[in-house]
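Residue numbers (our numbering), protein chains in the order written: chain A, 1 to 709; chain B, 710 to 1418.
What follows is the structure, given as structure tokens:
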């Protein structure tokens, strides 16, 4: 795959296979748009039916071109695309955009046709963009290689580069942002069915591209999702925020995704985990891209989550508070000295409690704005400031904007504005703010949400700095590898726990007994009470099979129980292969948790944590992280679930051993990576988390090996 | 309180106390705005300092006016307001807007000053609006009685009437909606600290006002929240949707609310319950009011929740799907006959699975739009249709809009559009849609959200029709009333359960024993195993006091346990009043639930339901409804919680007796209403919900009486 994408965005020459003289049609548009926007390189229309297109010589075939173009646009019918792509390969073309539809998105024959395209691309090392896409715009260099109504306008270049799996959406975002949002784009590319150069390839290029400051993506599904963490880390290190619009979040939404670009949407939980791990900002609508983009353009990040709000409208302060609290921020507690100074100029009917309600009265003396803002910015307990100016307009607005710009210049704390005057009524004021890169929003809700987005990113940056100092744990489990090697059947409790033990995860004391006498001997060693459980790779749900007995307190009960669980297991599944009966210590006390590994085909190994029973299974109150998971990340996973208070010591219980739990998660992550070639899924259920200082203990486990290919 | 608010919105004469000749000041603005918008009645400026204001005779005091004005505006300093309000009373003025600030919102002396205002208003039966508000605009009749920048513009009248506790917000919404949203307002009033005419008074008036079609409210807190259900019911019956922007949702947000208008935000859970019960549509930002208002203006409600999406962009279909599914709607399953017809005109690379992706190809033959839309509308399994037109613009857009209008005219199913062309590029197309009242939105997300809002309302309408046929259960508990009469101490388990039993809620078999011998006798009657629990009004948390023993199986253990729980209770609280030891049957099996009553000072009695333990206490996974609760509402409460699958039979368990549970909720609601004068809070925890057909049983309960005043 080609990744020298500078060449793609700025090709010296472009051939257009299937170029039409009718500039209204899809196959006629790219030539027209390239020409009318003043493309500086050479254009080669290719179509055996014409001698020229738009006054430029037209070639009957690619082979007859005088040179190898940097980029080829293919606009012919689906059935002819494979042939054309082969010709590109023969000519040594590095990049090809396939606009044509009729591939995996239509199912049936389209799927195999698309596979053929992918094979040709691999064979000739062609960087294919598409098929089923709408092309690319390099605003900065005036390369408009595509079709659609947005190609008819000119745009001011700006700091945003975007890649979109949907043509319609990508270009709508660019259009709105550039025309109405005052936030220009640098590059915009649509990838459609994405058989070649992927969304993440483009994002990696944008990270390298020195003039891209903000990266945006519209994603239905990533086929190379396992790279998300690595790419996210690079973006974090480069200081470039990535705004990601991931659609297909609900089950019905996912069905739509599958029917559209024939992508499996991937598990949203894993996307969310990756977004959180690397501070990728999730957006939910076109407007969010513009709002958040404007926030990041200011290039100021808060050092903490404490916001001070200055408002002339109490209601607006409440609204913003609701948003920032939902986004993990908090209202700053102003220092006594700050309050004392504010009291000098804020009217008695205002409020000094953050949100500070200065009331419209301060506009009687405009110097007060400067002093109020400065006093609050100077408070060391304030990490960022939002000012709410309601609908102030005209000359007054202009003067106030000037005061705000003057104060904001002297600090590196973020200063955001909620200002709802219509554009035409506060044009000069807004221009002043834009000039100073001070983000402003039409509603306190949008302003609060943008602040929360910036905090989400700043917080991830901080967390990742900690994590970089933690070396991920690497373990090698030789016995485990041997057990799983080539295995297709599930690994039942006894062996599964031996595997856990090899990676240092504490398990219950136990022994596998093949007879009642062996069971008695084991119980004697372990000490009563004990539990017994059938061991069979064919019975993953032992309780359902009534093949478990808990709290056995003496030899007689053990002997009876032994026979009973075997009989029940056979009644449940006559041909079940029975490996024996597990005799196990009864764990006393502790909170039941679940740990798990899912080795996702798109993302690779991920670790899950939740509390036992209903919490995980019914409420889905679990947290995921992609492996490797370090200790600080494991703690985040634990604290993230809604049931966390249960572990921290809710309802008068003693706090649980969270440190040991985090340790077990880290070891499970090391196991997941070590066994990633042979393990598909792993459940530890339950893992007993004992009181603080008393560790954890896995009481049951099940491993599903990766099916052999 | 005056409620003939026609007079308020359309006064024959207005006096302005504190009118200023300086029209730039707050006290100068109302006169100027009334005059410049051509107020048709008589204006009386009142100010001893002037002979005239704006060419109109100015009076030294209200007393000297030649008539009693319908409305007085008070614009003087807070300290002088009580005096002025008294003069209004003496003159017999029906309505007064108090603009002045400096009352409860500043705390301290402002609070008592405000109480004085309220007393004067009551004494003279004056309908007071404010204080601390921004006035009123009656757009339809040109009455602009207030101050602020939005008063300088003219507005087209429209179908929306709004009341707002925040001046800034209310007028911002009106401005945006009228100027940019194409949705005009009829009346707009701000109520500030709301000592007199309340938000709900205005909403009731809007329900009566024949020209108001849509009602909007911006609320920080309702002091008369107990009326919300009744007012909501009237609005439902009148077919007028109520859009409510309730702010102060988070804890920090609520603190801000308290510091601003000195309103306690009220429990958001109860607001949400009332909104759900009466289909009040919650909005979260200015734009929502406009978006939802436009949706309701179409006056079409879906008969069910099944949406068909027609799109030329797959991605947009996914986005809309995510939104509507989150809002409780679903994608319609198209009938085989529909699919067959569609196959005739939709290109093979399109998709017939809903969202139906017709691809841009259908714009080659514009008659196809008509046929596609008609075919889908004709499907009886489709309740409403959304069409996504991406950024189509110009003449093409115009023609397509015409086709859509033609089809939409022939159906009463809602037809919504997502169409993201900028206004200037599709002006005529949008005008055609507006003319036919077809709602259109710039993004599929906003379109989907507006559809979900309409469904929320339509669904509530349907549910309330069912509920109107259910007569709320009315019960009278004489013994219960006697127990609670004048009581200040908590009612402990034994008595609390006698009260439940009187209202027909099943409780465990039990007896109160004063000696070990009595306990043995009771156990004999009930049958072992039994539980024993201390009974003391001073020990509400018996487990914490170690004064509970479960699963006692014989006489000896009972005797020992009896002494032990008494000893432990005394050790826990030496001076606890001990009423005896409760001997109780052990309930076997069943799922633990919690039922409760909170008799909220603002809302009145409300009923709560949740699952036991962590579910309710840590996850707050509970549902609330304001009493009375009928059987169908009780079922909604049960199905609403996230843990519902536990009762329905998750994890291989037998389904629980949901019917008996709903019955208990209905009885508890009757109890809450019967005892509303003497009961503050009630907990049944746990209530055991047995297997289907086996009923429920309250195993413990606690009642907190209303403290005597």
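Glycine included, C-beta positions come from ideal geometry on N, C-alpha and C. Because the structure is a prediction, the values reported are computed rather than measured.
- Shown here, residue 1392 of chain B sits in a strand according to DSSP, grouped into three states.
- Taking 8 angstroms as the threshold, the shortest C-beta distance from residue 1387 of chain B to chain A does not fall below it.
- Taken in chain order, the unbroken stretches of alpha helix (DSSP H) that lie wholly in the stretch 429 to 495 of chain A and span 4 residues or more are 444 to 468, 478 to 484.
- Note: residue 35 of chain A is not bridge-paired with any residue in the DSSP secondary-structure output.
- Beta-bridge analysis with DSSP links residue 59 of chain A to A/46.
- Taking a beta-carbon distance threshold of 8 angstroms, residue 1125 of chain B does not count as an interface residue toward chain A.
- Taking 8 angstroms as the Cβ-Cβ cut-off, the stretch 1008 to 1031 of chain B approaches chain A at 1021, 1022, 1023, 1024, 1025, 1026, 1027, 1028, 1030, 1031, given in chain order.
- Between residue 228 of chain A and residue 200 of chain A the beta-carbon gap is near 7 angstroms, inside 8 angstroms, which marks them as a contact.
- When secondary structure is reduced to three states using DSSP, residue 214 of chain A falls in the strand class.
- The C-beta of residue 1102 of chain B comes closer than 8 angstroms to at least one C-beta of chain A.
- According to the DSSP assignment, residue 880 of chain B belongs to the alpha helix (DSSP H) that extends over 876 to 888.
- Residue 482 of chain A counts as exposed, since fewer than 16 other C-beta atoms from the protein chains shown sit within 10 angstroms of its C-beta.
- Residues 128, 196 of the same chain have their beta carbon placed closer than 6 angstroms to that of residue 121 of chain A, with the five preceding and five following residues left out of the count.
- Taking a Cβ-Cβ threshold of 7 angstroms, the residues of chain A close to residue 995 of chain B are 443, in chain order.
- Here the alpha carbons of residue 900 of chain B and residue 171 of chain A stand approximately 44 angstroms from one another.
- DSSP places residue 1405 of chain B in the uninterrupted beta strand (DSSP E) bounded by 1405 to 1407.
- Interface flag for residue 343 of chain A against chain B is unset, since no Cβ pair is found closer than 8 angstroms.
- Burial is judged here by how many other beta carbons sit within 10 angstroms of a residue's own beta carbon; residue 33 of chain A has at least 16 and is buried.
- Straight-line spacing of the CA atoms in residue 1162 of chain B and residue 593 of chain A works out to 39 angstroms.
- One finds 619 in chain A with Cβ atoms closer than 7 angstroms to the Cβ of residue 1351 of chain B, taken in chain order.
- Per DSSP, the continuous beta strand (DSSP E) segment holding residue 611 of chain A begins and ends at 604 to 611.
- Short of 6 angstroms from the beta carbon of residue 690 of chain A, and not among the five residues preceding or following it, lie these beta carbons of its own chain, in chain order: 590, 657.
- Residues of chain A whose Cβ lies closer than 7 angstroms to the Cβ of residue 934 of chain B do not exist; the shortest such Cβ separation is about 17 angstroms.
- Around the Cβ of residue 375 of chain A, a 10 Å sphere holds 16 or more other Cβ atoms; the residue is buried.
- Listed in chain order, the non-local C-beta contacts of residue 1047 of chain B below 7 angstroms within the same chain comprise 1084, 1085, 1088, local neighbours out to five positions each way being set aside.
- Sequence-ordered contacts of the stretch 221 to 248 of chain A with chain B read 247, 248 [C-beta pairs closer than 8 angstroms].
- Our two residues, residue 568 of chain A and residue 1354 of chain B, have alpha carbons roughly 28 angstroms apart in a direct line.
- Listed along chain A, no residue sits closer than 8 angstroms to residue 839 of chain B by beta-carbon distance, the nearest being about 13 angstroms off.
- Contact residues of the stretch 1086 to 1112 of chain B toward chain A are 1099, 1100, 1102 (C-beta to C-beta distance below 7 angstroms).
- For chain A, none of the residues of the stretch 1283 to 1307 of chain B brings a beta carbon within less than 8 angstroms of one of its beta carbons.
- Within the stretch 845 to 860 of chain B, contact with chain A at the beta-carbon level (separation under 9 angstroms) is assigned to 857, 858, 859.
- Counted as a single uninterrupted DSSP element, the beta strand (DSSP E) harbouring residue 1240 of chain B occupies residues 1239 to 1244.
- Taking a C-beta distance under 8 angstroms as the contact criterion, residue 382 of chain A and residue 415 of chain A do not qualify as a contact pair.
- Residue 1274 of chain B counts as buried, since no fewer than 16 other beta carbons sit within 10 angstroms of its beta carbon.
- For the stretch 1121 to 1146 of chain B, residues whose beta-carbon sits nearer than 9 angstroms to a beta-carbon of chain A comprise 1129, 1130, 1131, 1134.
- In this structure, residue 214 of chain A places its C-beta atom within 8 angstroms of the C-beta atom of residue 241 of chain A.
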